[in-house]
Amino acid sequence: MIWHGLICFSLSSVIMTSWNETALSRPELSRPRASFVSLEVRRSVEDHLRLRELEKLEAIVASLGGKPHYAKSLLEAGREFQIDPVLLTSLTFVESSFRPNAASGRGAKGMMQLRPIVLEVLGVTDPWDPHENIMAGAAYLRHCFERYGKYKHSTYLALAAYNVGPAPQEKLLESEPARRFVGKVLQIYNRHADKPILVMPRPPRLTSASARNS
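So that you can map any letter, position 107 of the sequence shown is 107 in full-length UniProt numbering, and since no number is skipped, the others follow by simple counting.
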């Protein structure tokens, strides 16, 4: 698909190791190295771990009211774009409650509620297809992570930008709609993640002028 090539070209750097405030990690990095084990045994172990990971994600999706088979696409998207699939699952639930035909008044479409400009840039051909929508949503979220990776609370900023659109970090931190959205996502994530350590940043302090006007 066109969007896959575009996003892989544009998102060349990986910032996962810089997310000090998040529990996001590459799944394969948490597994013990076993170079001394035969290739067949290693493949068997890896297949078993993938199956367990898929079954766990299926249970999470089902507990949130979604169809378990969506977990396969969420897991694939998480691996492809190096995002915790539980975070993608939480985001999808808050955006659409796993409804493939979800549509907003502003034109956002599908399970990941992608705006028209995002669909166009990523070359999405069928926004109503759950798998394509999930993969595109993960690609866009990865772009948001790359954009805000240098800032403190990068996970919060990336999720906020995904929901309300890219903006300077100050605007995203001050946005009440973004704060409500991210709060819901993190609430779901922290409930189901293995290491629920994602936290909300404190609201920006009021300036003296804004305090006088309140």
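Quick reminder that beta carbons are idealized off the backbone N, C-alpha and C, glycines included.
Per DSSP, which one or two residues make a beta bridge with residue i?
i	result
Gly-71	First, the amino acid is wrong: residue 71 is Ala here, not Gly. BP columns for Ala-71 are empty, so no partner.
Ala-158	Per DSSP, none; premise fails for Ala-158.
Compute the Euclidean distance between the alpha carbons of residue i and residue j, then round it to the nearest angstrom.
i	j	result
Arg-179	Thr-125	31 Å
His-131	Pro-116	17 Å
Asn-190	Thr-89	12 Å
Ala-108	Leu-114	5 Å
Met-200	Gly-123	33 Å
Gln-187	Pro-127	27 Å
Ala-139	Tyr-148	15 Å
Asp-129	Arg-99	10 Å
Glu-170	Leu-157	10 Å
Glu-176	Pro-166	15 Å
Arg-52	Leu-75	12 Å
His-192	Leu-172	26 Å
Val-182	Leu-54	25 Å
Ala-150	Glu-80	Correcting the residue type first, residue 150 is Lys in the shown sequence and not Ala. For Lys-150 and Glu-80, the distance between alpha carbons rounds to 22 Å.
Which same chain residues, not among the five before or five after residue i, have their C-beta less than 8 Å away from its C-beta?
i	result
Leu-91	Met-112, Gly-137, Leu-141, Leu-159, Tyr-162, Val-185
Quick one: residues in its chain with C-beta nearer than 6 Å to the C-beta of residue i, no 5 flanking neighbours on either side, listed in chain order?
i	result
Arg-31	For Arg-31, the predicted structure reports a pLDDT of 46, less than 50, and the residue's modelled location is therefore unreliable. A value from the coordinates is still provided. Cβ within range, chain order: n/a, list empty.
Pro-27	Because the pLDDT of Pro-27 is 41, which lies under 50, any placement of that residue in the model is unreliable, and the question is left without a value.
Ala-102	Ser-96
Whose C-beta lies closer than 7 Å to the C-beta of residue i among residues of the same chain, with five residues either side of it excluded?
i	result
Glu-58	Pro-68, Ala-71
Please report whether the beta-carbon of residue i lies at a distance below 8 Å from any beta-carbon of chain D.
i	result
Phe-98	In the structure shown, chain D does not exist; there is a single protein chain.
Worksheet item: Mind pulling the alpha helix (DSSP H) runs of 4 or more residues that sit fully within the segment 164-199?
Response: Segments of the alpha helix (DSSP H) lying fully in the segment 164-199: 169-174, 176-192.
Fill in: Those runs of the alpha helix (DSSP H) which lie wholly inside the segment 45-131 and span at least 4 residues
70-81, 85-96, 116-122
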